[in-house]
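Asks: Numbering (the numbering used here), first residue to last: 595 to 1154.
(1) Compute the distance between the beta-carbons of residue 647 and residue 736, then report whether it is under 7 Å.
(2) Ignore the nearest five residues each way along the sequence and tell me which others in residue 1153's own chain have a CB closer than 6 Å to its CB.
(3) In terms of residues, what are the limits of the beta strand (DSSP E) holding residue 693?
(4) With DSSP collapsed to three states, give me the class of residue 799.
(5) Just checking: is the beta-carbon of residue 1037 within a distance shorter than 7 Å of some beta-carbon in chain C?
(6) Indicate the three-state DSSP secondary structure (helix, strand or coil) for residue 887 in the structure shown.
(7) Might you give, ordered along the chain, the residues of its own chain that have their beta carbon closer than 6 Å to the beta carbon of residue 608, omitting 5 neighbours on each side?
(8) With residue 747 as the anchor, note down where its beta strand (DSSP E) starts and where it stops.
(9) Rounding to the nearest angstrom, what Cα-Cα distance links residue 739 and residue 709 in this structure?
(10) Could you please give the first and the last residue of the uninterrupted alpha helix (DSSP H) stretch that includes residue 1132?
(11) Beta-carbon within less than 6 Å of residue 851's beta-carbon, same chain only, minus the 5 sequence neighbours each way: which residues are those?
(12) Could you name each continuous alpha helix (DSSP H) segment of 4 residues or more that falls completely within the region 1025–1099, going from the start of the chain to the end?
(13) Nearest CA to the CA of residue 645: which residue from 637, 671, 635, 839?
(14) Is it right to say residue 969 is buried, meaning 16 or more other beta carbons lie within 10 angstroms of its own, or is it exposed?
(15) By Cβ distance below 8 Å, which residues in the same chain neighbour residue 964 in space, the five residues on each side in sequence not counted?
(16) Using the C-alpha atoms, what's the distance from residue 1075 back to residue 1106?
(17) DSSP three-state call for residue 657: helix, strand or coil?
(18) Per DSSP, what kind of secondary structure is residue 901 in: helix, strand or coil?
(19) Quick test of your reading: residue 840 and residue 854, contact by CB under 8 Å. State the CB separation rounded to the nearest angstrom.
(20) Nearest to residue 771 by CA position, among 977, 836, 717, 921, is which residue?
(21) In the DSSP assignment, what are the bridge partners of residue 631?
(22) Do residue 777 and residue 767 come within 7 Å of each other at the CB atom, strictly closer than that value?
(23) From residue 604 to residue 750, what does the alpha carbon distance come to, in whole angstroms?
(24) Spatial neighbours of residue 688 within its chain, please: C-beta separation below 7 Å, excluding the five flanking residues on both sides.
(25) Sorted by chain position, which residues of the same chain lie with C-beta nearer than 8 Å to residue 635's C-beta, five sequence neighbours on each side aside?
(26) Buried or exposed: which applies to residue 819, given that a residue is buried once 16 or more other Cβ atoms fall within 10 Å of its Cβ?
(27) Mind checking whether residue 1081 and residue 1071 have CB atoms under 7 Å apart?
(28) What residue ranges within the region 828–897 form continuous alpha helix (DSSP H) runs of no fewer than 4 residues, ordered along the chain?
(29) Could you spell out the range, first to last residue, of the alpha helix (DSSP H) harbouring residue 684?
(30) Using a Cβ-Cβ cut-off of 8 Å (strictly less than) and excluding sequence neighbours within five positions of residue 1007, which residues of its own chain qualify?
(31) Rounded to whole angstroms, what is the Cα-Cα separation between residue 1041 and residue 1079?
(32) Within a Cβ cutoff of 7 Å, which residues of the same chain sit near residue 699, ignoring the five residues on either side of it in sequence?
(33) If you check the beta carbons only, do residue 898 and residue 942 fall under 7 Å apart?
(34) With distances taken between CB atoms, is the gap from residue 734 to residue 753 smaller than 7 Å?
(35) Per DSSP, which one or two residues make a beta bridge with residue 738?
(36) Rounded to whole angstroms, what's the CA-CA distance from residue 1032 to residue 1005? Just pull it up for me.
Right, dumping it as structure tokens:
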């Protein structure tokens, strides 16, 4: 009996190496899909080192999400030793620490590992390690399997079965299907693998670019596959401070939606912003050739030519002119006779100084759907003003601009009418329009507006509203000495002497304001009137040192 046991043990010992090597060919092939993943901080230092696995034929891959949090960029090295940059994030699950992303310039053909289908638990599992020469392949069994999201599997492993060098490596079935990747929480804990099928459910929408989860990494989120969502993301991406990322979004959009106008127009706009009008012209010509909506393409072309001509971005590029903009808007109208394109032509005519022709076109447009908004009436009023028409005609058009679309849409026209009243010396009517505009803006207008309203109120002796408005202007622009000077001067005028001194002191704390003699003059007068003659004369003496001639007489007056 003892002899039989010894023989059996020897047989098992001899067979162990053979058993360890007996992995299916499909499992060995899976090693081609593994790569090393390194993420970096903004300063170039390494943030994280782990692994990932290809899951698609166009460089799509998955890895642990926590490796990317806080990363400025990431690179992978495949089993051939070649390095590639991570291009964009395709989806994230923070709860299960999984993410899907795309590798830049990588086409992995048949090396992608496809997630297993069905929700049954694989009878045998293998961890496939990463190594350029001889990757480790290890059979593993979970200590337990749980379900999540109804039919997805969550495998938990013994910690001693999983080394740190295996994190991010694929867990595969005997037929080479991807079950998940080896995971462990960033702060340590139980090794696990969340079902790789979860990554196939990831979606991206237009607002994903602002999603807090995606924003946890410096690597951009990829454009959505739906054109509507992709267009929204492209629009939102324009506000990015990183122009490189924005240009990547534009290039992706053109590649994915070659017959849409938005990508070409965004690219051309970038060229115009950089003063590269020849490149912009080439891009806009491409837009008119490839896009389905020819009218929109020509309209975009006209708009950028118009803008470049108005702001004289590059006068040496003679191919672009106001005449060219007019012609292109005409092409848009030929392709699709919409009033908006004639409106573009009217704006070009106005800019060329052809006010009568522009007015005729705008008057005709008042009878179209554009007449339901205030813009064509306002622009007609501008034409009338240039043609020196009677004030009543100009004001009638401004009234129409205000009344045709009441509420917030009328705000800019209410302000324009108020300014016209102000210019004409009709200050009380101007004051009423300024009040209305402020209300429409929910009392959250600009500092310039409140200063303009302040000056109008001063003309009609509305001193308390004037004090309120100049204070509002100061709150919005705390470093503008002019506003403090106006406020202190009015406080002195209405005998709020203590307030005038305080306002001057606040102003003098602004860098450079101590060179403005007005503050010392106002402060000196206020202090002297408050019977603080010594301090007042000292302030007036400072104004005198700054060369303010008013100080001489004031010092004589208050020295008596």
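A virtual CB, placed ideally from N, CA and C, is assigned to each residue, including glycine.
Since the model is a prediction, treat every value here as computed from it, not as a measurement.
Replies: Taking the coordinates as given:
(1) For residue 647 and residue 736, no; Cβs fall outside 7 Å.
(2) In its chain, beyond the 5 residues on either side, no residue has a beta carbon closer than 6 Å to the beta carbon of residue 1153.
(3) Start and end: 692–697.
(4) Coil at residue 799, not helix or strand.
(5) No chain C appears in this structure, which consists of one protein chain only.
(6) DSSP places residue 887 in coil when its eight states are reduced to three.
(7) Low confidence applies here, because residue 608 scores a pLDDT of 40, under 50, leaving its location unreliable; read the following figure in that light. Answer for residue 608: no residue qualifies.
(8) In the DSSP annotation of this structure, the continuous segment of the beta strand (DSSP E) that includes residue 747 starts and ends at 746–750.
(9) Between the alpha carbons of residue 739 and residue 709 lies a gap of roughly 17 Å.
(10) Under the DSSP assignment, residue 1132 falls in the alpha helix (DSSP H) whose first and last residues are 1127–1139.
(11) Here the set comprises 821.
(12) DSSP runs (the alpha helix (DSSP H)) wholly in the region 1025–1099: 1041–1053, 1057–1070, 1075–1087.
(13) Measuring C-alpha to C-alpha distances from residue 645 to each of 637, 671, 635, 839 identifies 671 as the nearest.
(14) Residue 969 is classed as buried because its beta carbon has at least 16 other beta carbons within 10 Å across all chains shown.
(15) Excluding positions up to five away in sequence, the list reads 933, 934, 937, 970.
(16) Each residue's Cα considered, the two are about 9 Å apart.
(17) Looking at residue 657 - three-state DSSP - the assignment turns out to be strand.
(18) Reduced to three states, the DSSP call for residue 901 is helix.
(19) In fact, because the Cβ distance is near 17 Å, the residues do not count as touching under 8 Å.
(20) For residue 771, the nearest C-alpha among the options comes from 717.
(21) Residue pairing for residue 631: DSSP places it in a beta bridge opposite 644, 670.
(22) Residue 767 places its beta carbon 7 Å or farther from that of residue 777.
(23) Any answer about residue 604 is weak, because its pLDDT of 42 lies below 50 and its placement is not dependable; what the coordinates show is given next. Roughly 34 Å separates the two Cα atoms.
(24) Only 659, 807 meet the Cβ criterion.
(25) Once the five neighbours on either side are set aside, the close Cβ partners of residue 635 are 641, 664, 665, 666.
(26) With fewer than 16 neighbouring CB atoms inside 10 Å of its own CB, residue 819 falls in the exposed class.
(27) It is not a contact, given that the beta carbons lie outside the stated cut-off.
(28) Unbroken alpha helix (DSSP H) stretches of 4 residues or longer found wholly inside the region 828–897: 837–850, 856–867, 871–884, given in chain order.
(29) If you look at residue 684, you'll find it isn't in any alpha helix (DSSP H); it sits in the beta strand (DSSP E) that goes 677–687.
(30) Excluding its 5 nearest sequence neighbours in each direction, residue 1007 has C-beta neighbours in its own chain below 8 Å: 968, 971, 972, 992, 995, 996, listed in chain order.
(31) Going by the C-alpha atoms only, they are around 15 Å apart.
(32) Around residue 699: 678.
(33) Going by C-beta atoms, residue 898 is not nearer than 7 Å to residue 942.
(34) The Cβ atoms of residue 734 and residue 753 lie no closer than 7 Å to each other.
(35) Answer is 750.
(36) If you take the alpha carbons of residue 1032 and residue 1005, they lie about 9 Å apart.
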